[in-house]
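In the working numbering, the protein residues as written are 312 to 646.
Just so you know, even glycine gets a beta-carbon here, dropped at the ideal spot from N, CA and C.
I have placed the structure first, in the form of C-alpha cells, so that the comments after it can refer back to it.
What follows is the structure in C-alpha cells.
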C-alpha cells in the first residue's frame, strides 16, 4: 500500500470513528477523498503523516482551526461555529481547500507537532478516585500527573462538581461540571501538585491558550467555553508542569520525600500516545515496591473508557467508573 493510500485510510478511519462532531467527521472524510484523488490535502500532508499511532487528521484540522481563531482565514471562519459561523460541508469545502492550498506555508509548522488537548471535564471522571484515596488514607494528596499538557487537571479541586441533590467544590468556580454523586471526605486536601509532559503548554500565555483552543472541535461550543473558564482558574491556581519523560519523572517523584502526604500518580487518555515499551516501563515504575501511594487512570479499555484505581500497600486494584472520553456521563461502579 503506497503512502497516499495509507494516509487516506487513516483519515477515513478517524472520520468514521468520530461520533460527537459532525463537522470534523465530515471534513476528515472529505480530506480522505482528496488525498485519494491527489489533491491539495495530499500535497500539504506529504511527509507529515507521522508514525502509525499518531493522528494526522487532528494535526491538520488543528492547524486550520488556529488560522480561523486568529482571524487569518475569514472566508472559512464563516463556517466555523467557534468563530460565530454555521457549518455547511458543501459550502465550506471549497474555502477549506483554498486555505490548504494558499496558506500551506503557515500550516506546515504545526503539522508535525504533538496534538495537545487538556479537557477539564475529565476531572469529573477522576473525582471518584481522588475521593477514594482521601477517604482511605486520611492524608493530604500529593498530585503527580503524567501527560499533564497545560496542567488543567492538576487544578481539579478548584472546579465545582454538581449532581442531583448535591455537589462538591467551590460554589463560585467558573468551571462547573456535571458529575456522579461522590462521597467526598470533608477533610480532602491537596498538599502539592506537579505534572510532566513531553511538550507542556503554558496557559498563562496567549500562544498556550490558542494551542489548546485550536485542538477543540469547533462545533462544540460548550467545550470551548469550559476551556476558557479553566484558563481563568489556572491563572489563579499555579501548578508546575515539567518538560520530562514520563518514566524517569515518575520514578524520581515517587522516590522523593512526600512529607506525610500520599502520592497519587494519575493520567487521562495518555497511554495510547506512548509506545508499548514505554507503557510497560511506566507501569513497572508505578508498581515497584509497597510504599503507600495510589495510581489513578482514565484510559480506553476496548470500546469503553474506564476509571481504574490501584493502591498500595497491597496493590489492590478496582474499576471505579465508566465515562465518555471527554468526561461526560460518569457511571460509578464501586465507591
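Original post:
Ends of the alpha helix (DSSP H) at residue 598?
Top reply: On the chain shown, residue 598 is found 287 positions in, with the first residue counted as 1. Where residue 598 is concerned, the enclosing alpha helix (DSSP H) stretches over 587 to 598.
Original post:
Which word fits residue 622, buried or exposed, when buried means at least 16 other C-beta atoms lie within 10 angstroms of its C-beta?
Top reply: In the chain shown, the residue the question calls residue 622 occupies position 311. By the neighbour-count rule (16 or more Cβ atoms within 10 Å), residue 622 is buried.
Original post:
Does the distance from the CB of residue 581 to the CB of residue 458 come in under 9 Å?
Top reply: If you number the chain shown from 1, residue 581 lands on position 270. If you number the chain shown from 1, residue 458 lands on position 147. Result yes, Cβ atoms of residue 581 and residue 458 sit closer than 9 Å.
**OP:** Pull up the distance between the alpha-carbon of residue 585 and that of residue 362, whole angstroms please.
**Re:** Here residue 585 refers to the residue found at position 274 of the chain shown. Here residue 362 refers to the residue found at position 51 of the chain shown. Their Cα atoms are separated by approximately 12 Å.
Original post:
What is the residue span of the beta strand (DSSP E) that residue 359 lies within?
Top reply: Position 48 of the chain shown, counted from the first residue, corresponds to residue 359. Note, residue 359: premise wrong, no beta strand (DSSP E); not H, not E.
**OP:** Using three-state DSSP, classify residue 578 as helix, strand or coil.
**Re:** By 1-based counting over the chain shown, the position of residue 578 is 267. Residue 578: strand per DSSP, three-state reduction.
**OP:** Spatial neighbours of residue 626 within its chain, please: CB distance less than 8 Å, with the 5 preceding and 5 following residues excluded, ordered by chain position.
**Re:** In the chain shown, counting from the first residue as 1, residue 626 sits at position 315. Within the same chain, residue 626 has close Cβ partners 598 and 601.
**OP:** Go ahead and label residue 559 buried or exposed: buried means 16 or more other beta carbons lie within 10 angstroms of its beta carbon, across all protein chains shown.
**Re:** On the chain shown, residue 559 is found 248 positions in, with the first residue counted as 1. Result: exposed.
Original post:
Do the region 515 to 533 and the region 562 to 573 touch if we need at least three Cβ pairs shorter than 8 Å?
Top reply: no
Original post:
For the 8 Å Cβ check, are there 3 or more pairs between the region 333 to 349 and the region 478 to 495?
Top reply: no
Subject >> Secondary structure of residue 644, DSSP reduced to three states >> reply: The residue given as residue 644 occupies position 333 in the chain shown. Residue state, collapsed to three classes: coil.
Subject >> DSSP state of residue 444 mapped onto helix, strand, coil >> reply: As a working note, residue 444 is residue 133 in the chain shown. Residue 444: helix per DSSP, three-state reduction.
Subject >> Limits of the beta strand (DSSP E) - the one that residue 454 falls within >> reply: Translated into positions along the chain shown, residue 454 becomes position 143. Residues 452 to 457.
Original post:
For residue 462 versus residue 514, is the C-beta spacing smaller than 9 Å?
Top reply: If you number the chain shown from 1, residue 462 lands on position 151. If you number the chain shown from 1, residue 514 lands on position 203. For residue 462 and residue 514, yes; Cβs fall inside 9 Å.
**OP:** Could you check how far apart the C-beta atoms of residue 629 and residue 643 are, in whole angstroms? I think they sit under 8 Å.
**Re:** Here residue 629 refers to the residue found at position 318 when the chain shown is read from its first residue. Here residue 643 refers to the residue found at position 332 when the chain shown is read from its first residue. Not really, about 12 Å apart at Cβ, beyond 8 Å.
**OP:** Give the single residue among 500, 482, 491 and 449 whose Cα lies nearest to the Cα of residue 465.
**Re:** For this step, residue 465 is matched to residue 154 along the chain shown. When each option's Cα is compared against that of residue 465, the closest is 500.
Subject >> residue 509 in three-state terms, based on DSSP >> reply: As a working note, residue 509 is residue 198 in the chain shown. The answer is coil: DSSP assigns residue 509 none of H, G, I, E or B.
Original post:
Apart from the five residues on each side of it in sequence, which residues of its chain come closer than 7 Å, Cβ to Cβ, to residue 526?
Top reply: Within the chain shown, residue 526 is the residue found at index 215, counting from 1. Cβ neighbours of residue 526 beyond the five flanking positions: 369, 373, 426, 427 and 428.
Original post:
Counting only runs that start and end within the region 461 to 548, where is the alpha helix (DSSP H) found for 4 or more residues in a row?
Top reply: 517 to 525 and 532 to 547
Subject >> Rounded distance between the beta-carbons of residue 494 and residue 442, thought under 8 Å >> reply: Taking the first residue of the chain shown as position 1, residue 442 is located at position 131. Taking the first residue of the chain shown as position 1, residue 494 is located at position 183. With a Cβ gap of about 6 Å, residue 442 and residue 494 count as contacting.
**OP:** Please list, in chain order, all residues of the same chain as residue 312 whose beta carbon is under 7 Å from its beta carbon, the five residues on each side excluded.
**Re:** Taking the first residue of the chain shown as position 1, residue 312 is located at position 1. Low local confidence applies: a pLDDT of 40 at residue 312 is under 50, so the model's placement there is unreliable, with the coordinate-based value given in what follows. So no residue of the chain qualifies.
**OP:** Could you please give the first and the last residue of the uninterrupted alpha helix (DSSP H) stretch that includes residue 611?
**Re:** The residue you call residue 611 lines up with position 300 of the chain shown. Element bounds for residue 611: not the alpha helix (DSSP H) but the beta strand (DSSP E), 604 to 612.
Subject >> Given residue 551 as reference, the closest of 591, 503, 524 and 543 once Cα atoms are compared >> reply: In the chain shown, counting from the first residue as 1, residue 551 sits at position 240. Closest option to residue 551, Cα to Cα, is 503.
**OP:** Quick one: grab the DSSP three-state call for residue 553.
**Re:** Position 242 of the chain shown, counted from the start, is the residue given in the question as residue 553. Note: residue 553 maps to strand in three-state DSSP.
Subject >> Sequence-distant residues of its chain with Cβ nearer than 7 Å to residue 524 (five each side left out) >> reply: In the chain shown, counting from the first residue as 1, residue 524 sits at position 213. Hits under 7 Å: 380, 535 and 538.
Original post:
So residue 616 and residue 636 are in contact, right, with Cβ under 8 Å, and what is the actual spacing, rounded?
Top reply: For the purposes of this step, residue 616 is identified with residue 305 of the chain shown, where counting begins at 1. For the purposes of this step, residue 636 is identified with residue 325 of the chain shown, where counting begins at 1. Between residue 636 and residue 616 the Cβ distance is about 5 Å, and since that is below 8 Å, they are a contact.
Subject >> Exposed unless 16 or more other CB atoms sit within 10 angstroms - verdict on residue 367 >> reply: Taking the first residue of the chain shown as 1, we reach residue 367 at position 56. With 16 or more other Cβ atoms within 10 Å, it is buried.
Subject >> Proximity to residue 413 [Cα-Cα], best of 351, 399 and 402 >> reply: In the chain shown, counting from the first residue as 1, residue 413 sits at position 102. Here the closest residue by C-alpha is 351.
Original post:
Are residue 573 and residue 564 touching if we call contact CB-CB under 9 Å?
Top reply: Numbered from 1 along the chain shown, position 262 holds the residue referred to as residue 573. Numbered from 1 along the chain shown, position 253 holds the residue referred to as residue 564. No, Cβ-Cβ distance for residue 573 and residue 564 is not below 9 Å.
Subject >> residue 325 versus residue 343: straight-line alpha-carbon distance, rounded >> reply: In the chain shown, counting from the first residue as 1, residue 325 sits at position 14. In the chain shown, counting from the first residue as 1, residue 343 sits at position 32. Spanning the two alpha carbons is a distance of roughly 10 Å.
Original post:
CA-CA distance, residue 561 and residue 593?
Top reply: Taking the chain shown and counting its residues from 1, the one referred to as residue 561 is at position 250. Taking the chain shown and counting its residues from 1, the one referred to as residue 593 is at position 282. Going from the Cα of residue 561 to the Cα of residue 593 covers about 8 Å.
Subject >> Local conformation of residue 312 per DSSP, three classes >> reply: Against the chain shown, residue 312 aligns to sequence position 1. Low confidence applies to residue 312: its pLDDT is 40, below 50, so where it sits in the model is not reliable, and the reading given next is rough at best. In the structure shown, residue 312 sits in coil (DSSP, three-state: anything other than H, G, I, E or B).
**OP:** To the nearest angstrom, report how far apart residue 394 and residue 410 are at their CA atoms.
**Re:** Start at 1 with the first residue of the chain shown, and residue 394 comes out as number 83. Start at 1 with the first residue of the chain shown, and residue 410 comes out as number 99. If you take the alpha carbons of residue 394 and residue 410, they lie about 16 Å apart.
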